[in-house]
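J.: So the sequence shown is residues 5 to 148, counted in this note's numbering.
Virtual Cβ for every residue (Gly too), placed ideally from N, Cα, C.
Nothing here was measured: the structure is a model prediction, and the numbers come from that model.
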Amino acid sequence: MPKRVTPPEAAELMKQGWRYLDVRSVPEFEAGHPEGALNVPLLHMQNGRLIGNPDFQSVVEGLFAKDDPLVVGCKMGGRSLQAATLMEAAGFTQIVDVRGGFAGERDPYGRVTVPGWADSGLPVSTASPEGSAYAELAAKVKAP
5 MPKRVTPPEA AELMKQGWRY LDVRSVPEFE AGHPEGALNV PLLHMQNGRL IGNPDFQSVV
65 EGLFAKDDPL VVGCKMGGRS LQAATLMEAA GFTQIVDVRG GFAGERDPYG RVTVPGWADS
125 GLPVSTASPE GSAYAELAAK VKAP
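1. Once you ignore the five residues that flank Ser132 on each side, which residues in its own chain have a CB closer than 8 Å to its CB?
2. Let me check understanding here. Comparing Cα to Cα, which of Thr117, Ala137 and Ala69 lies closest to Ser29?
3. For Arg115 and Lys19, what's the separation of their Cα atoms in angstroms?
4. Quick check on the DSSP output: the beta strand (DSSP E) that includes Thr89 runs from which residue to which?
5. So what does DSSP say about Met5, is it helix, strand or coil?
6. Ignore the nearest five residues each way along the sequence and tell me which others in Glu140's own chain have a CB closer than 8 Å to its CB.
7. Go through the region 18-101 residue by residue and report every complete run of the alpha helix (DSSP H) that reaches 4 residues or more, in order.
8. Here's the rule: buried if 16 or more other CB atoms are within 10 angstroms of the residue's CB, otherwise exposed. What is Asn57?
9. Give me the Cα-Cα distance between Ser62 and Ala143, rounded to the nearest whole angstrom.
10. Assuming Thr117 is part of the beta strand (DSSP E), what are its boundary residues?
11. Just to confirm the assignment, what range does the alpha helix (DSSP H) spanning Ala142 have?
12. Since Thr10 and Gly104 are thought to touch, with beta carbons under 8 Å apart, how far apart are those beta carbons, to the nearest angstrom?
13. Using the C-alpha atoms, what's the distance from Asn51 back to Gly77?
14. Whole angstroms are fine: how far does the CA of Leu47 sit from the CA of Leu85?
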């Protein structure tokens, strides 16, 4: 199981050169994400529901070396833990999962149990600098 870190710990790792891989859907990413994040969705939003991204693993493997230090995050921590586990199984060696993700981990009553990136006062962006949006990243990997 991947090591789990809080959003402030993830921000510290990013200062040390770790990259933030946001595995939320494209619309979620566009609505706001950690500054400097790259978006490769584990699931896509389609007809109001989330469905698996069949290209997730191939895009991730095309973008990153197996020993690249990566912080993996999502909305609350569930998808990112799943993605980080898949990546570890594929041979990635420096993976941490962001517990609480972008919006915070919640108990069954909807109360925040682990504050997310946004609630921790960490840098948030709605811009997608060149090379950070999923369409660009996927095209880069699939280009001949």
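T.: Short version:
1. In the sequence shown, residue 132 corresponds to position 128, counting from 1. Within the same chain, Ser132 has close Cβ partners Phe33, Glu34 and Asn43.
2. As a first step, residue 29 must be located in the sequence shown, where it is residue number 25. The option with the nearest alpha carbon to Ser29 is Ala137.
3. Translated into positions along the sequence shown, residue 115 becomes position 111. Translated into positions along the sequence shown, residue 19 becomes position 15. Computed Cα separation, rounded: 30 Å.
4. Here residue 89 corresponds to residue number 85 of the sequence shown, with the count starting at 1. That residue, Thr89, is in no beta strand (DSSP E); its alpha helix (DSSP H) goes Gly82 to Ala93.
5. Sequence index remark: in the sequence shown, residue 5 carries index 1 (1-based). Met5: coil per DSSP, three-state reduction.
6. Mapped onto the sequence shown, residue 140 falls at position 136. The residues are Glu134.
7. 30-35, 60-67 and 82-93
8. Locating residue 57 in the sequence shown gives position 53, counting from the first residue. With 16 or more Cβ atoms within 10 Å of its Cβ, Asn57 is classed as buried.
9. Sequence index remark: in the sequence shown, residue 62 carries index 58 (1-based). Sequence index remark: in the sequence shown, residue 143 carries index 139 (1-based). The straight-line gap from Cα to Cα measures roughly 12 Å.
10. Here residue 117 refers to the residue found at position 113 of the sequence shown. Residues Val116 to Val118.
11. What you label residue 142 is simply residue 138 of the sequence shown in a count that begins at 1. Element bounds for Ala142: Tyr138 to Lys146.
12. Numbered from 1 along the sequence shown, position 6 holds the residue referred to as residue 10. Numbered from 1 along the sequence shown, position 100 holds the residue referred to as residue 104. So it is a contact: roughly 6 Å between Cβ atoms.
13. As a first step, residue 77 must be located in the sequence shown, where it is residue number 73. As a first step, residue 51 must be located in the sequence shown, where it is residue number 47. Going from the Cα of Gly77 to the Cα of Asn51 covers about 23 Å.
14. Looking up residue 85 in the sequence shown gives position 81. Looking up residue 47 in the sequence shown gives position 43. Going by the C-alpha atoms only, they are around 13 Å apart.
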